[in-house]
Amino acid sequence: MGSLLSYSGLTTKIRAMQSRLLTDDQYRELAELKSVPQAVAYLKQQPAYEAILDSLSEEALHRGKIEQLLVNSIYRDFTKIYQFSNMEQRKFLNLYFGRYEVSIMKECLNKIFDHRDVNLDLSLFKPFFDKHSQLDINLLTASRSIEEFVSHLRGTSYHQPLTALSGLETPTLFDYEMALDLSYFSAIWKTKDKILSKKNLEEITKAYGNKFDLLNLQWIYRSKQYYHMTAADVYALLIPVNYKLHKKDIAALVEAETMTAFESLLDRTYYGRRYEKLNSHTLEEMYSSIMKHVLSGESKADPYSVSTIYCYLYHKEHEIDRLTTVLECIRYSIPPEDTMRYISKS
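Our numbering runs 24 ahead of the 1-based position in the sequence shown.
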């Protein structure tokens, strides 16, 4: 009863937000439009984006501005859920929040490596961000070098992982982004047991366990297929978590001598046995499909749990990715049929 009472209001709120997610028919209508201004006008008519895009003028219809506003709609929804949550639910959201910190730091890092100015639009999220984050966005966006950027992280959990990269001869943007991801993923896995209990812990362990296993499978495949990395270098990229993908499975996949051997070993893993269509060529597509299946299944099985929050945020973030793809396809006059194929894989 306690769980029902504590989640009933929040679940009702999230269901209302879910009803505003775009349908496949709406994606097709978007894909058939002839210009980005037409697409923006269409989105302005949708309840989820009306307020976000209302102030966007014709002169401001460049790619970066539109994408920033769409991402701000994620931050707005996160803030709404947070404000509607009780103390227990906020513990999970505080943990999830690290995802947005990492995303913002990656944006700053990209601009440093590209030698461009950073112009983040966090207008809807900055008050919340300033209250809940240790990061100083003003200092990070003003950083002109990687050394300066890392120094501004002193006192946060992200400082040590990035400082450790100084031991590399010429660390790349990929190295810094990977270090941030691994730090965040490790923190989730270590912290979840301390902040969640019983059913919530079981569901979040399943959700993140599947996520980390599938990401490791993708990274092993890419490292071997495209970069021909040594086994030692591949191990360094992997999330130090084992859920259904056991250590012996990972070792066998990393050290497979050929891609044919990799494919055979993949078939024998938990995921290869459970998902018939999973193979090295469908790993990215199946990642999205499996995560949707896991999260939607948990949310339906127990709508009064943390998994309902995670499920909605996943689908919202996924929607922004798909919208970004659709807008790019419109910009380059990609046929609607091809656009729908692209977003069906994301």
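Backbone N, C-alpha and C define an ideal beta-carbon position, used for all residues, glycine too.
Candidates the options: closest to residue i by CA position
i, options, result
"T35", "Y328, I367 and V350", "Y328"
"F153", "K340, G122, H139 and E131", "G122"
"S127", "S147, Y99 and A276", "Y99"
"L146", "Q158, L94, S288 and L189", "L94"
"R44", "S97, R365, K155 and E171", "S97"
"K223", "T332, D78 and P151", "T332"
"P151", "I161, H339 and M310", "I161"
"S210", "K235, I244, G88 and E227", "K235"
"I375", "M41, K230, Q42 and L54", "Nothing in the structure corresponds to residue 375, since the chain is present only between 25 and 370."
"K155", "L163, T103 and D138", "T103"
"V142", "F149, R168 and Y120", "R168"
"Q242", "Q92, L302, T284 and Y334", "L302"
"K340", "L177, A325 and S370", "S370"
"M283", "I314, I244, H317 and D273", "I244"
Presumed contact (8 Å Cβ cut-off) between residue i and residue j, rounded CB distance
i, j, result
"L262", "T293", "About 14 Å separates the two Cβ atoms, so there is no contact after all."
"D237", "Y267", "5 Å"
"D217", "L225", "7 Å"
"A403", "L189", "Nothing can be reported for residue 403: it is not among the residues displayed for the chain, which extend from 25 to 370."
"Y31", "R346", "In fact, because the Cβ distance is near 28 Å, the residues do not count as touching under 8 Å."
"L119", "I219", "7 Å"
"L164", "M129", "7 Å"
"V64", "L80", "6 Å"
Local conformation of residue i per DSSP, three classes
i, result
"G26", "Model confidence at G26 stands at a pLDDT of 47, short of 50, so the residue's coordinates are unreliable; what they give is reported in the following sentence. Looking at G26 - three-state DSSP - the assignment turns out to be helix."
"P264", "coil"
"M253", "coil"
"D48", "helix"
"V60", "helix"
"G296", "helix"
"A275", "helix"
"F152", "helix"
"G179", "coil"
"F121", "coil"
"E281", "coil"
"N224", "helix"
"M306", "It should be noted that the sequence gives Thr, not Met, for residue 306. Here T306 sits in coil by DSSP."
"L192", "coil"
"I358", "coil"
"K369", "coil"
Are at least three pairs of beta-carbons, each pair with one atom in the segment 102 to 120 and one in the segment 189 to 202, less than 8 Å apart?
No, the segment 102 to 120 is not in contact with the segment 189 to 202.
Contact between the segment 125 to 140 and the segment 339 to 357 is defined here as three or more beta-carbon pairs at a separation below 8 Å; is this criterion met?
Verdict: no, contact absent.
Counting beta carbon pairs with one atom in the segment 271 to 288 and one in the segment 239 to 249, are three or more of them shorter than 8 Å?
Result yes; three or more Cβ-Cβ pairs closer than 8 Å.
With three or more C-beta pairs closer than 8 Å as the rule, is the segment 62 to 69 touching the segment 300 to 309?
Too few Cβ pairs lie closer than 8 Å, so no.
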